[in-house]
Ligand SMILES: Nc1ncnc2c1ncn2[C@@H]1O[C@H](COP(=O)(O)OP(=O)(O)OP(=O)(O)O)[C@@H](O)[C@H]1O
Ligand SMILES: Nc1ncnc2c1ncn2[C@@H]1O[C@H](COP(=O)(O)OP(=O)(O)OP(=O)(O)O)[C@@H](O)[C@H]1O
Ligand SMILES: [Mg+2]
Ligand SMILES: [Mg+2]
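Residue numbers (the numbering used here), protein chains in the order written: chain A, 1 to 515; chain B, 1001 to 1318; chain C, 2001 to 2343; chain D, 3001 to 3344.
This is the structure:
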């Protein structure tokens, strides 16, 4: 590891890896090759085995068959520490930062752990700890002060934590950095920063493996794509050689186009009238109208106030100023329960953490918002009625499941998301607020979800989509509001605006400052 | 699990159970000696002793419940809290089980309750010993196991009554709870000594109190300056008696109490009468007074009180 | 790239002076414990002048030793996100068995050996805890309820129930060694027993382990999030085994000090005081859900609990009120820590 | 919907049968004498009801647990006895006395439970810390009220009947226990409240986003625990004629033992009433068997500790053999209990 690795030499190979979970054959003989100084994008539908492969490479799980070859040495299975010692660094989807430790400790402890080869009976080298963390944090462009190093990470905003996680990965002399959907919580700006960091790594001969569902980013970054389908590697090629359509076809085996979903024209009647809405220091002076059957997109950078606006519209956090009028009726909300009373549904961004009851039946997940309206005899729940209702939703949203008694965790990501949307259909909503409706959902499922959203608008619902997935906004909305620094800065029509213009509107201030 | 215990119902021999407050502590180990001695001397019955592992009235209740269900012939109980087991003892008597209690002169549902001595006499005797040690002068205080333990309260109340005879003696901060925990008592005693530097005497009640208080006195170097009289067993108190930290201990021998309970139970089982002044042929119970108790049964009082000091405790070592 | 810089550091938190002071306070919940101790002492001292004496301090230090050693162990486990309810049973089993062994086979044993034996006995039982907690993947509270029953049941049914009254001379003498002693005006001896040094040493050691070694960081990491720590390569098994073994060893030592200072080995002692110890650790600012807390805080928590337990008579409060007061303190402190964190 | 076989339930049924058989054989039939069965049935409710309280608190998730149950039961008993005796005479007016006693005991229980709920829901105290504090507080208040001595309840006939009477040969207290288990079991399984409670225990955030009134659910849950403690107070008072602040100090751990043996998930969101019921009876059978055989109570403690650990071990083993066989390090990402991976 002392000398700079030769660009293009083989760093890691997986040979015929198989992995089974009970009856599920998650990986079926995966053989891929990773070379130093290359960038790879691992693409594939939900559940095709991407995360499993990563876990095997990073030592979190052993393979059932096959082996890993790293630097010419063959390994049956690795432990996390061995894998780290060989230079494989992983940025997990959930960042895997330890919330109660400081920034410095989070960034640099792994290095000391590796140096001790996992043995814990070692005295800390505190000077090295600080030195390493300083170096790594400046590499990802975070300003390093002593106070910052001693801040407990749970007190930091998500975007900074994401960068810290990346800093940790490059703190040690990594040979391969794996990032599992690293950009889901980053704004465009930070993604660009990340791309820069990645390119520097690459120049140093480090290999980078991305797992992502955002095809545009893959093109922007460039490099090789590895495409998985059903636990097998179906293609590996230079990304520029493949079109988006090709990629989708390879991933799903189906042909999809990227055109606009939105066709219907909304009615003229105003459904929602928001005036001078504000919330603490997050946003202020938000004024807009939503018509019946209209789909409104709201976008902006992470800290633009769009997330808080979404939560305020859904009653998750209370507004501190301004008014909301829904169908002519003044709306005052303190909690999601109030929102439900006004028939406003909210699909949160974090599906697993905030949306679903994973090990509970699909039925309970669907009817959870209207339990008190499904009463039968003796104030007990009417089982038959609720099952019928759940079945209706399942067929309306084409949720693929053998039955509503199964736990919702038995579904794939896209279907889980539809269960969540289905929950809000039960309240006969007038307004649906979808916060990142397809985060981490694969291409095939996205398509189905988009079609469902269009159908709902057709039926006269007002829909608000809050997202930073610009193609998604452009494909689905009638109108797009762009937020920046807590205010609405632009109101554009997607037919006439291109993605990069929209992006310019999102970052306008920053660009000015930079110049 | 002793083989003898299995299939008790099938045996002809009467089964005589003794249930104590807590198993394993020195006091009831000593009682166990007595019960075993009784069993050995009386081959015509099966006698054994049992008790809960925690000082918890609820646990004792459960043991008694199960013994009643098992239909033992006699039940000798030293209740943790007499009130708690009233109900089950009533059921036991309804089932024809002979019930004898000890240290529970207010127990209603019992055929006979046996006290080693008159509680007021005992409290007075302890206090008299304290008074003579203190020269009938100065502040003194009292300890009880807990405010809920009736006999302890009787003893210290009788003691307080006795001390009124002496104008020079003042009772301060009375009835400290020790929870029969030597360490806690030690800490409390130190605190009291700090609060009342002129304190001259302690009268204590629970078996471990003298050990805790005695240690506090010894460590403060107050032997001879502060007097300590209380209930205690000779063996554990020996060292402190020797060093002068404990002035005198009062007690009755649980071994003989155990034998006496079972003898009474056997008499009752054989439908023999209990008469005033009778001799149980057990040391300290040679001339037992028999009165009507608070319930249907009788209240028996022996003369088993022992007050021992440095000069004579060796006669009683156990 | 100044752009990216300004963006992220903005989010990183504005480090103004006030926010820094507030942060320090938020990171130091034990200051609040200290405040409670001072307030209580001032109150009791004003009610009763006799409270403010050197001998009071000596007695507090003595009473804090055993519970302090327990608390350090509990804190280490709490920091790693677990709870232990079996440490008192460990202490009882280890102190009683070792005392019995020493009395019957090696009455001349030097104190170092006795303590070593008690510590290793405790460590062994702690090791069982650690292996079970790790192996059964069950909440440590539940597992240690089980081992509490197991250890105490084993002690009382197989080792013995009879008090050991005459300790070997060396053990007896050890409890009486004084660090300082003097005779007060009233002719009372007051002394600071030497065994409080063991608590001082154990505190320093615990502090050092938690703050200066890799395993200390691993303990906090696991307390923060076990699955993440595991994924990052922290050896969870080693940490589980270490914390329970360490706590077991501390409990064994505490048990032996208990014997020497009480000058008798009573196998019924100690069990039942777990809740007091946990309360002390929590009052010292450690979150019961793990990942936080400090050694000084823990010691302050111990002092607070010992103080409450021991000054009521001084303050003229009837002892019946003791529990109400401790309970109220726990709720109050818990609520206040929480409000401070929320701000 | 196919009826699933619950291994927990099967295990508990077989262990009950096994102990009963063992005890019957060892005691040559004396154990299954009707008086003993009645006596055991009358002993189950106190612990069983406390265990239901622990289970309710546990199912609410977020580290829910109720350590204050026994203390609250004692407080309810003491407070009710003192209050009611001050106004009514048990001998003169037994029925009024009984009704008043039961009502006040349950009310005090409810208030204590609601206090727990409020502290946890609105102040955000961790349940374990909160109930640790209230445990001491309740005990302390009971001590202060009673001055530390046991309080006589007064032997009103109807009140005494509750714990000592029989209907059709079954102890009334056991019938009460069965009825309460059934009611709470039904509530948990079929009422919106019960479903919300379990959903909340699974994922509190998702529950909030689904519009559940979390505070109300928590307060109701802990309130229910409190009422159960009140019922226990009535049973204790009825059986012992007396109430005291330190009664049943060893009950807390046993109640937790019952709950864990019943397979209630300590992290929340799952628990079955029938299992609690069977777990309570299993423990009672075992304990009575020991008393029948004159076993030392220390051995029994030892056996209980062993049982709990063996039980945890079998649960772990089941999990393992059903699901993950190869990994030494369990999957870490999102918590995903075993389930059929059945997707299209
Ligand atoms: N721990 C596990 N137990 C059982 N089955 C598992 C486990 N982990 C993964 N699987 C199965 O393995 C398959 C591959 O899962 P994996 O998480 O690798 O998919 P993925 O490609 O990462 O999907 P996504 O894009 O949704 O992250 C899935 O079908 C899943 O059912
Ligand atoms: N531990 C597990 N046990 C059972 N099934 C699992 C497990 N882990 C993953 N799965 C299954 O794997 C499939 C995909 O899993 P995964 O969680 O990777 O998808 P996702 O996270 O929803 O999608 P994405 O990662 O794209 O957001 C689902 O069907 C899920 O049920
Ligand atoms: Mg994945
Ligand atoms: Mg995923």
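Ideal Cβ placement from N, Cα and C applies to all residues, glycine included.
Short-range partners of chain A found in the stretch 2282-2293 of chain C, where Cβ spacing is below 8 Å
Cβ contacts with chain A: 2291, 2292.
**Prompt:** How is the alpha helix (DSSP H) around residue 339 of chain A delimited, first residue to last?
**Reply:** For residue 339 of chain A, the enclosing alpha helix (DSSP H) starts and ends at 336-341.
Legend entry - Neighbour flag for residue 1054 of chain B against chain D, beta carbons, 8 Å: Yes - at least one Cβ of chain D is within 8 Å of the one on residue 1054 of chain B.
ask   = DSSP state of residue 72 of chain A, grouped into three classes?
value = DSSP, read as helix, strand or coil, puts residue 72 of chain A in coil.
| task | Taking only the alpha-carbon atoms, compute the straight-line gap between residue 458 of chain A and residue 497 of chain A and give it to the nearest angstrom. | result | Taking the straight line joining both Cα atoms gives about 23 Å.
| message | Quick check for students: name the residue ranges of the alpha helix (DSSP H) that lie wholly in the stretch 14-65 of chain A, counting only runs of 4 or more. | response | Counting only runs of 4 or more residues that sit fully inside the stretch 14-65 of chain A, the alpha helix (DSSP H) segments are 50-57, in chain order.
Alpha-carbon to alpha-carbon, residue 265 of chain A and residue 294 of chain A: Whole-angstrom Cα-Cα distance: 8 Å.
**Residues within the stretch 3176-3207 of chain D neighbouring chain A, beta-carbon criterion of under 8 Å** = Those residues of the stretch 3176-3207 of chain D that come within reach of chain A (Cβ to Cβ, closer than 8 Å) are 3186, 3190, 3191, 3192, 3195, 3196, 3198, 3199, 3202, 3203, 3205, 3206, 3207.
**Prompt:** Taking Cβ-Cβ distances below 8 Å as the criterion, which residues of the stretch 3130-3157 of chain D are in contact with chain B?
**Reply:** With the criterion set as a beta carbon lying under 8 Å from some beta carbon of chain B, the members of the stretch 3130-3157 of chain D are 3147, 3148, 3149, 3150, 3152, in sequence order.
| task | Give the DSSP bridge partners of residue 300 of chain A, in chain order. | result | Answer by DSSP bridge pairing, in chain order: A:483.
Classify residue 3211 of chain D as helix, strand or coil using the three-state DSSP reduction.
Residue 3211 of chain D: coil per DSSP, three-state reduction.
**Prompt:** Which residues does DSSP pair with residue 407 of chain A in a beta bridge?
**Reply:** Looking at the DSSP assignment, residue 407 of chain A forms a beta bridge with A:361.
- [ ] Spell out whether any CB of chain B is found under 8 Å from the CB atom of residue 2314 of chain C.
- [x] Yes - at least one Cβ of chain B is within 8 Å of the one on residue 2314 of chain C.
(request) Closer than 7 Å, Cβ to Cβ, to anything on chain B: give me those residues from the stretch 3080-3100 of chain D, in chain order. (result) Cβ contacts with chain B come from no residue of the stretch 3080-3100 of chain D.
- Task: Compare the C-alpha of residue 1298 of chain B against each of B:1306, B:1304, B:1276, B:1317 and name the closest.
- Result: Ranking the options by Cα distance to residue 1298 of chain B, first place goes to B:1276.
- Message: I need the DSSP call for residue 3178 of chain D, collapsed to helix, strand or coil.
- Response: Taken through DSSP and simplified to helix, strand or coil, residue 3178 of chain D comes out as helix.
Original post:
So, is the C-beta of residue 2269 of chain C closer than 8 Å to a C-beta in chain B?
Top reply: Output row for residue 2269 of chain C: interface = yes.
So which of D:3066, D:3129, D:3191 has the shortest CA-CA distance to residue 2338 of chain C? The closest CA to that of residue 2338 of chain C, considering only D:3066, D:3129, D:3191, is found on D:3129.
* Along the beta strand (DSSP E) that carries residue 1203 of chain B, what are the first and last residues, could you check? => That run of the beta strand (DSSP E) goes 1199-1204.
**Request:** Out of A:453, A:466, A:450, A:444, point me to the one whose CA is closest to residue 436 of chain A's CA.
**Result:** The shortest C-alpha separation from residue 436 of chain A is found at A:466.
*In angstroms with no decimal places, state the Cα-to-Cα distance between residue 2292 of chain C and residue 3265 of chain D.*
One C-alpha to the other measures close to 25 Å.
The stretch 1249-1259 of chain B contacting the stretch 1304-1311 of chain B, beta-carbon criterion three pairs below 8 Å:
Verdict: yes, contact present.
Exercise. Interface residues of chain B around residue 3248 of chain D at Cβ under 7 Å?
Worked result: Going along chain B in sequence order, the residues near residue 3248 of chain D (Cβ under 7 Å) are 1056, 1058.
Quick one, are the C-beta atoms of residue 2267 of chain C and residue 2085 of chain C less than 8 Å apart? No. Outside cutoff.
**Request:** Could I get the ranges of all uninterrupted alpha helix (DSSP H) runs contained in the stretch 3014-3102 of chain D, with 4 residues as the minimum, in chain order?
**Result:** You should have 3034-3059, 3069-3087.
With a threshold of 7 Å on Cβ separation, who are the neighbours of residue 581 of chain A within its own chain once the five nearest residues in sequence on each side are excluded? The question about residue 581 of chain A has no answer, for chain A in this structure spans 1 to 515.
Strictly below 7 Å CB to CB, what residues from chain C border residue 3063 of chain D?
What residue 3063 of chain D touches in chain C: 2289.
By DSSP, does residue 2346 of chain C sit in helix, in strand, or in coil?
What the structure shows of chain C is the stretch from 2001 to 2343, and residue 2346 of chain C is not part of that stretch, so it cannot be assessed.
Quiz item: What beta strand (DSSP E) runs, 3 residues minimum, are completely inside the stretch 402-447 of chain A?
Solution: Qualifying beta strand (DSSP E) stretches, in chain order: 431-435.
Between residue 2188 of chain C and chain B, is any beta-carbon pair separated by less than 8 Å?
The Cβ of residue 2188 of chain C sits closer than 8 Å to at least one Cβ of chain B.
Sequence-distant residues of its chain with Cβ nearer than 7 Å to residue 2034 of chain C (five each side left out):
Hits under 7 Å: 2300.
So what's residue 3287 of chain D in DSSP terms, helix, strand or just coil? Correct three-state label for residue 3287 of chain D: helix.
*Would you check if the stretch 1261-1274 of chain B and the stretch 1215-1232 of chain B touch, i.e. whether three or more CB-CB distances between them fall below 8 Å?*
Verdict: no, contact absent.
* Give the secondary structure of residue 464 of chain A by DSSP, where H, G and I count as helix, E and B as strand, and everything else as coil. => Looking at residue 464 of chain A - three-state DSSP - the assignment turns out to be strand.
Buried or exposed: residue 3148 of chain D, going by 16 or more other Cβ atoms within 10 Å of its Cβ? Buried, because 16 or more other Cβ atoms sit within 10 Å of the Cβ of residue 3148 of chain D.
### Query
What residues of chain A sit near residue 2217 of chain C, judged by a beta carbon separation below 8 Å?
Near residue 2217 of chain C (Cβ distances below 8 Å), the residues of chain A are 101, 105, 109, 124.
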